[in-house]
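Only one structure is covered here, and it is reproduced in the block below.
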Amino acid sequence: MRVTTLLVLVMILVSCSQAEQYDLPDLPDGAQAISLLGDTLYPPQAAAEVQQQREQELADALANHEADPHDADALIWLGRREAYLGNYREAIRTYTQGIETHPTDARMYRHRGHRYITLRMFDRAIADLRRAAELVAGQEDEIEPDGQPNALNIPTSTLQFNIWYHLGLAQYLTGDFASALTSYRECLRVSNNPDALVATSHWLYMTLRRIERDAEAAAVLEPITGDMEIIENDAYHQLLLMYRGQATPESLLTPEEDAVQSATIAYGVGNWYYYNGQQAEAERIFRNILEGGGWAAFGFIAAEAELAGSR
336 MRVTTLLVLV MILVSCSQAE QYDLPDLPDG AQAISLLGDT LYPPQAAAEV
386 QQQREQELAD ALANHEADPH DADALIWLGR REAYLGNYRE AIRTYTQGIE
436 THPTDARMYR HRGHRYITLR MFDRAIADLR RAAELVAGQE DEIEPDGQPN
486 ALNIPTSTLQ FNIWYHLGLA QYLTGDFASA LTSYRECLRV SNNPDALVAT
536 SHWLYMTLRR IERDAEAAAV LEPITGDMEI IENDAYHQLL LMYRGQATPE
586 SLLTPEEDAV QSATIAYGVG NWYYYNGQQA EAERIFRNIL EGGGWAAFGF
636 IAAEAELAGS R
């Protein structure tokens, strides 16, 4: 009886500890995060038609989850639909629930880690993504379905790709380039199509340039050609061609309707100026990025990290 009581107490303490560990800080109503520069960040407002569609998709996901609360797929889609509406904190809570009920499902840690990056909580992201990597070690990779399908409706990423890609990103954003290099090398091993290859190569190249391993960075560019069949990662492809000298930085800095693509390209160009000794121009571009929208874009977050001196 005493042993059973002790075990129950231990389980309660562990549960409380985990809950406290993943509590999110209090913010003003509707706010999602505080930027690395101290700005309060609110969900972006999509066009009315897009907003309506995403709200319906969220309602459907919630209904599916409520119909079977223990179904891991339904819970993951609920979190993804919450995030697509900019409700990143709710998504994190959803994935935390998923971890409690499916503690060995790497997908829960992969998705929560991604959203911790969005909220600028890099240490938590790294912990989650490392745990995800442990859980998939030695397993066969699997296609990850797209929540927002590309023009051809062909998924271009896998679970293991997304784990290593986001882990490398979180490490890069903290300035831990040595760890980011290891993660992107692992990511390259599971980058099995042109879109995955250009995404990984872009961050791998920038990481190597930051640690002045220029010869290795040049080698990353060797498989990159102008005639690659890219479905959705055109921004990364354009940047890699620029790194190869096949385009000028100025030619890439044209206005983009898509805020994510705009931030992606601008950060790559700004970073190119930075490690080529033109820090003033790099800083100008980083500041321009923050004047636009799309604060959840990786290029936007990276520009913040540069200006905040956290890199």
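Note that this note's numbering has the sequence shown beginning at 336, numbered continuously upward.
Even for Gly, the Cβ is constructed at its ideal location relative to N, Cα and C.
DSSP places A468 inside the alpha helix (DSSP H), whose first and last residues are F457 to V471.
Taken in chain order, the whole alpha helix (DSSP H) runs of length 4 or more contained in the stretch 494-573 are 494-508, 512-524, 529-545 and 549-555. For N399, the enclosing alpha helix (DSSP H) has its first and last residue at A383 to A402. With a contact defined as Cβ atoms closer than 8 Å, L494 and A441 qualify at about 7 Å. At a Cβ-Cβ threshold of 8 Å, R545 and Y610 count as neighbours. One thing to note: F635 has its Cβ no nearer than 8 Å to the Cβ of L642.
Between Y444 and S370, the alpha-carbon positions lie close to 23 Å from each other.
At a Cβ-Cβ threshold of 8 Å, Q367 and Y419 do not count as neighbours. For the 8 Å CB-CB criterion, V595 and G629 form a contact. Taken through DSSP and simplified to helix, strand or coil, A368 comes out as strand. Residue pairing by DSSP places I478 opposite T493 in a beta bridge.
Taking the Cβ atoms as the reference, L464 lies roughly 6 Å from I498, within the contact range of under 8 Å. Of D593, W607 and M563, the smallest CA-CA separation from T583 is found for W607.
For H449, the closest C-alpha among the options L556, G503 and H572 is that of G503. DSSP links T375 through a beta bridge to I369. Around the Cβ of Q506, a 10 Å sphere holds 16 or more other Cβ atoms; the residue is buried. Annotated as distal: N568 and D511, with beta-carbon spacing of 8 Å or more.
Judged by their CB atoms, I620 and A601 are nearer to each other than the 8 Å cut-off.
Counting only the Cα atoms, P438 lies some 18 Å from H400. Between G627 and S597, the CB-CB gap stays under 8 Å.
For N623, the enclosing alpha helix (DSSP H) stretches over residues Q614 to E626. Annotation for A468: I498 place their beta carbon closer than 6 Å to its own, counting only its chain and skipping 5 residues before and after.
Taking each of P490, L454, C522 and L413 in turn and checking the Cα distance to I565, the smallest one comes out for P490. For V385 and D549, the gap between their C-alpha atoms comes out near 43 Å. Within the same chain, and ignoring the five residues on either side of A515 in sequence, the residues whose Cβ sits closer than 6 Å to its Cβ are G503, Q506, Y507 and T542.
Counting other Cβ atoms within 10 Å of its Cβ, N527 stays below 16 and is therefore classed as exposed.
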